[in-house]
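Visitor:
Chains as they are written, first to last, in this note's numbering: chain A, 1 to 963; chain B, 1 to 100.
1. Can you pull the chain B neighbours of residue 637 (chain A), defined as C-beta to C-beta under 8 Å?
2. Which value, in whole angstroms, describes the spacing of the CA atoms of residue 90 (chain B) and residue 638 (chain A)?
3. Of the residues A:868, A:266, A:751, which one's Cα is nearest the Cα of residue 432 (chain A)?
4. At 4 residues or longer, what runs of the alpha helix (DSSP H) sit wholly inside the region 829-885 of chain A?
5. With H, G and I counted as helix, E and B as strand and the rest as coil, what does DSSP make of residue 588 (chain A)?
6. So what does DSSP say about residue 570 (chain A), is it helix, strand or coil?
7. Taking the Cβ atom as the reference point for each residue, do residue 46 (chain B) and residue 83 (chain B) lie within a distance shorter than 9 Å?
8. Could you give the distance in angstroms between the alpha-carbon of residue 63 (chain B) and the alpha-carbon of residue 87 (chain B)?
9. Between residue 43 (chain B) and chain A, is there a C-beta pair that is closer than 9 Å?
10. My output table needs one value for residue 317 (chain A): the three-state DSSP class, helix, strand or coil.
11. Any C-beta of chain B within less than 9 Å: which residues of the region 553-572 of chain A qualify?
12. Between the region 837-849 of chain A and the region 914-926 of chain A, are three or more C-beta pairs nearer than 8 Å?
13. Cβ of residue 66 (chain B) less than 9 Å from any chain A Cβ?
14. According to DSSP, residue 216 (chain A) sits in a beta bridge with which residue or residues?
15. Quick one, which residues of the region 810-838 of chain A are near chain B if we go by CB-CB under 9 Å, in chain order?
16. Using 8 Å as the Cβ pair cut-off and three pairs as the minimum, do the region 821-837 of chain A and the region 274-294 of chain A touch?
17. According to a CB-to-CB cut-off of less than 8 Å, which residues of the region 608-630 of chain A neighbour chain B?
18. When Cβ atoms are compared, which residues of the region 592-608 of chain A fall closer than 8 Å to chain B?
19. So, for residue 170 (chain A): in the same chain, excluding its five sequence neighbours on each side, which residues have a beta-carbon less than 8 Å away from its beta-carbon?
20. Could you tell me the distance, in whole angstroms, from the CA atom of residue 751 (chain A) to the CA atom of residue 739 (chain A)?
21. Select from the region 904-936 of chain A all residues with a C-beta closer than 9 Å to any C-beta belonging to chain B, and list them in chain order.
22. Spatial neighbours of residue 695 (chain A) within its chain, please: CB distance less than 6 Å, with the 5 preceding and 5 following residues excluded, ordered by chain position.
23. Taking Cβ positions only, does residue 26 (chain B) come closer than 9 Å to chain A?
24. Looking only at its own chain, which residues have a Cβ that is under 7 Å from the Cβ of residue 283 (chain A), when we skip the five neighbours before and after it?
25. Considering just the uninterrupted stretch of the beta strand (DSSP E) at residue 326 (chain A), what are its terminal residues?
26. Go ahead and pull the three-state DSSP assignment for residue 227 (chain A).
27. Within a Cβ cutoff of 6 Å, which residues of the same chain sit near residue 366 (chain A), ignoring the five residues on either side of it in sequence?
28. What's the call for residue 957 (chain A), buried or exposed, on a 16-neighbour Cβ count within 10 Å?
29. Just the C-alpha distance for residue 400 (chain A) and residue 567 (chain A), rounded to the nearest angstrom, thanks.
30. On the three-state DSSP scale, how would you describe residue 153 (chain A)?
31. So residue 389 (chain A) contacts chain B; which residues on that side make the cut at Cβ distance below 7 Å?
32. Secondary structure at residue 90 (chain B), three-state DSSP: helix, strand or coil?
33. Kindly provide the ranges of any alpha helix (DSSP H) runs that are 4 or more residues long and lie completely inside the region 249-303 of chain A, ordered along the chain.
34. Taking only runs that begin and end inside the region 166-210 of chain A, name each unbroken alpha helix (DSSP H) of 4 or more residues, in chain order.
35. Measure the Cβ-Cβ separation of residue 453 (chain A) and residue 935 (chain A) and say whether it is below 9 Å.
36. Rounding to the nearest angstrom, what Cα-Cα distance links residue 847 (chain A) and residue 298 (chain A) in this structure?
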C-alpha cells in the first residue's frame, strides 16, 4: 500500500486561473509569462514565489481584505495587494523588501493579537495557514497582549472572571465539523466558498468592524438548522481551525494521502483520501478532479463511516434454507457451497436456469467479471444490472437516435450553456456537485427551464430562478416534449442547416409532419399534461433561440412506460435545434449511481457484449470467444424483471447478485420477494445483510471502494481510478471473490490485479482500446472513446458527425401508461431522492447523515391533505393496487394537487411495496415515477410492515463460528 | 425449497403467482412494443416488433409468446400476433432460437 505519487501540483496559487493573451512581467528578477487577467499573486506562485496570504485561495475570486499579500511594483505608488492586482506587460514586481516585511509583520501581529495561542493543542496544528503565515512573515513579537486584559473575541472570561460578551461558544451541531468562532480571523473564505463554489448562500458575515462574525443562517440558527448542506466547501476553505472536521479533532492531522474516486453518485468526484497508517482521517475533494474541480457534497466528503460500521459482515455465511439462521463458514466452504448449488441447478433445470445481477456500485473490472461469469462460465446471457431499473431507456433511446449510449458532453461544457433545460432530474439533491456548477452558470446569466411535476430546489433558490417551470402531470413527458417540438417546427425555429447536414432527411420529413400536427400543439395537450400552453411555448422558444441549449435529464425521464420514447423526444429536440456536437449544448443523462455508465459499458445487459455490441453479431462474439476460449450464446438472456417473472414461474432458480439490493430498490416488492423466495440458490455479495439477503442462501462479504483498485465511469463517460486506500476488512477485493466463484465452477481464471482485467477490456472493446492503469495514472482520468485516434479521450461526442452516421429523428407518439387514477386510487405517486441519502440507503443510513433524513416522508399538497383530514406529521397509509405502507406526511405545495411524492431510502417504509409491475416498452425499466395511489390517515406501520420487520429479523439471525 | 415464510402467504394473491401472471406480463410487454411500432413510419410494424423481440427477448419468453399465439392469442395486439406468426412460419413451426 504505497502512497500514490502523481506529478500533480497541489499548491494553492491564490487566485483562479485566467484565460488571456500571454503577458510577460518580472517578479523578484525572474521573467514570468502568464495569461492576461492573471493576478500578480498567481503569477508569482507560478514562478515558484509564494506571496504570503490569508484571505486568498485559488478556488475563490480575490477579495483583497487581509493585506498580507502586499507587494511593491516599480512605478506605482504604495503597496498594492497582489491578489487583486492584475499583471501587466513589463511590470516589475518585488515581493520582498524591508517595507513589505514590516507591513506584513504588522498585519500578522494584529491578527495574532485577537487569536488564541494554543497552537500545540489546536486541531489544526500542522495544517493551519495562520500558523504558516506567522512563520513566513517572521513574526517574533506581539505587542498587543490581548487576553485576558484587552478586548478580544476568543477568551470566554476576562481576568476578573466576568463573561466576555464577544466570545461565542463552539457550534458542534453539524455531525461532521465544528465551527469555533474563537479561532476565526474573519477572512470570509467560508462565506465566499458557500456562495461561489457551492451556491447555497447559507453563511454570512454579521456585524461590522471588530464585531464582524461569521454566521450560519439567521440569528438563532446554528449550522444544522441553517440552510447549510454540509458540502464541506467552507471547511475546505477555512485557513484556521475555525471550521474543522470532527474526524481531525479526534484522530489528528493526516500524514499520507491517496487519490481515488467517490463511490456515491454518477458525478464521480475525485477525492484525496487522507490517512494515518490505515486509519482514514478525512476525504478531501481533489483540486485536480476533472469532474468536481475540488468540490464535494455531504455524501462523498463525510459519509464514508459505513465502511467501519458494526453491521458490516466480514465473514462468509451459508444456510440450506432461508428460514434457517446463517452459519459463518470459511471462504472455501462458502464458495464451494455456492458453486456446487449453482452447477446442480443447471444440471437439474437447464443451462439458463441461473444468472447474475451486476451493480452500478461496483467497479468496471468487477462488473466485467460478473457478466463474464454468466457468459463464459454459466454459458448463458442471463446477466443484467441495476441500470435496467434506471437508465436502460437512455441506452436504447440514444443508441437509436445518435448511435451511442452515453451523454454527449463533459461537465465543464455547462460553463458555455446559455439555456439549461433540466428534465426529470433533481441535481441539487441527486448530483449536488454538478448542480453547483450549473448554479454558478445560472448566476452568470444562463436561463433555466425545469420540466418536473415537483418544484425542485433549482426552480427557486438563492440567486437562481427558473425562467419556466413546466409542472407536468406525471406520465406526460412525451406529450410535453412533442408539444415543444411542435412549437419549434411550426414557428420556424428549427435549425434546418444543421438538420440537412447532420441528420437523416427522410426521417426528418416524417418527423416534421408528425410534430406539426395540430393535435400536438401546447393548446391541444394542455388539458392532458397540466402545463399552461403559454409557458410551454415560451420554454420552447427559449430553448430553440437563446444560444447554446443544453439538456440534462434524470430518472424522471426514463422510469416510465414511455421512458425510451421520452429519451428519443429529447434527442429530437437537440437535433431539431442543432444543439449537439459542440461545447455548451448536448444531451446529458445524469446517472444515478457512481458506475451506471460503466456497468452498461461493460456488457452487463443480457443482449449486448462489452462496448454495446449485440450478442447476435458473430463478429462481436468472435472477439470474446477467442479471448475466453468458449462459445457464446447468440441469444439475449433474461432482464431483471424477466428473471423475477421466470422465478415465480419456477424456471429461474439461481442468482448471483453483487452489490445490489433488488428487494428494496426494485418495484413491486411483494413480487420481488415472491420471486426470491422461489429461487433455490440466491448468492448475495454485499457489505451488509441487505434486504435481498433475507432471501439468500449464501452471503459473500464485499469490500468497500476504499479497499480495492479499479475504475468507475461517471456520467460524462470519464473513467476514474479507484485506488486501494486500506486492506479489505473482509479479506478479499470483490473481483477476487467473483474469480473464486468462477474458478470453483471450473473457469480457470488467473487475474492477480484488476489492471489485468482492464487490459482484457481494452483488448476486446474498441472504445476502451487505449485505456490502461498507466494511462489513468498519467492523465488522472480519461473519457471514452479512448483509442488510437483519441489517445487522450473524447470530451465531446458527435462533433463532426453522429456515431451512427446521420442523426435519426424518431416519431414520438404519446401513449398513456396503463397506470390510471380512478375512484379507488385518485392520486399519482412519484418517487425520488434526497441529498443526504443514497439510493436504498445501505451506506448513508449507516452514517450520521441520518440527522438530515431519518425516515421517508410523504409530500402531499395541503388541499389533498385537508380533504383527507391529514395534518403535517400524521401517520398516513399509502396504498396502490400493488400494496400498502405507512409513513408520515409532510404538507407542501412543492407538489401539485393530485400528486404525492416520497423517497425510497428506508427499508422500513419500502416505497416500492406500492410501485407496480409496469415498465418501459423497450427496456422493461420499471415505471417508478407513476403509481395511482390513495392516502389516508393511519395509526402507524401497516401489518405488512410489521410482518416484514419480523421476517427480516428472523432472516438475519446468525450462528457464530464458535457454536 | 421448503415452505415460504409466513409473510408471503398474504402477498401472493391469485394474480401474483404462477404462469398466469407471467403470461399476463408477457402479453402486456408485447402489446406495449406493438403500440410503439404501430406509430412508426416506413415498413410494416409487425416486422419491427418481430425484430425487437428477437433482439431483446430471451428465447424462452419468445417461445412462450408463440404458445400464447397458438392457443388463440387472447389479449394480444394483432401486430404481435402477426409478428410472432411470421417468425413461427419462417422457422417451420419450430421454436425460435437455440434450445435452452
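Ideal placement from N, C-alpha and C gives every residue a C-beta, glycine not left out. Since the model is a prediction, treat every value here as computed from it, not as a measurement.
Guide: Once the coordinates are examined:
1. 58
2. 24 Å
3. A:266
4. 862-867
5. strand
6. helix
7. yes
8. 11 Å
9. no
10. strand
11. 561, 562, 564, 565
12. no
13. no
14. A:203
15. 810, 811, 812, 813, 815, 818
16. no
17. 614, 616
18. 606, 607
19. 178, 179, 180, 181, 182
20. 8 Å
21. 917, 918, 919, 920, 921, 922, 923, 924
22. 322, 676, 677, 682
23. yes
24. 271, 273, 300, 301, 304
25. 326-328
26. coil
27. 734, 735
28. exposed
29. 10 Å
30. coil
31. Chain B residues near residue 389 (chain A): none, gap ~15 Å exceeds 7 Å.
32. helix
33. 298-302
34. 189-192
35. no
36. 11 Å
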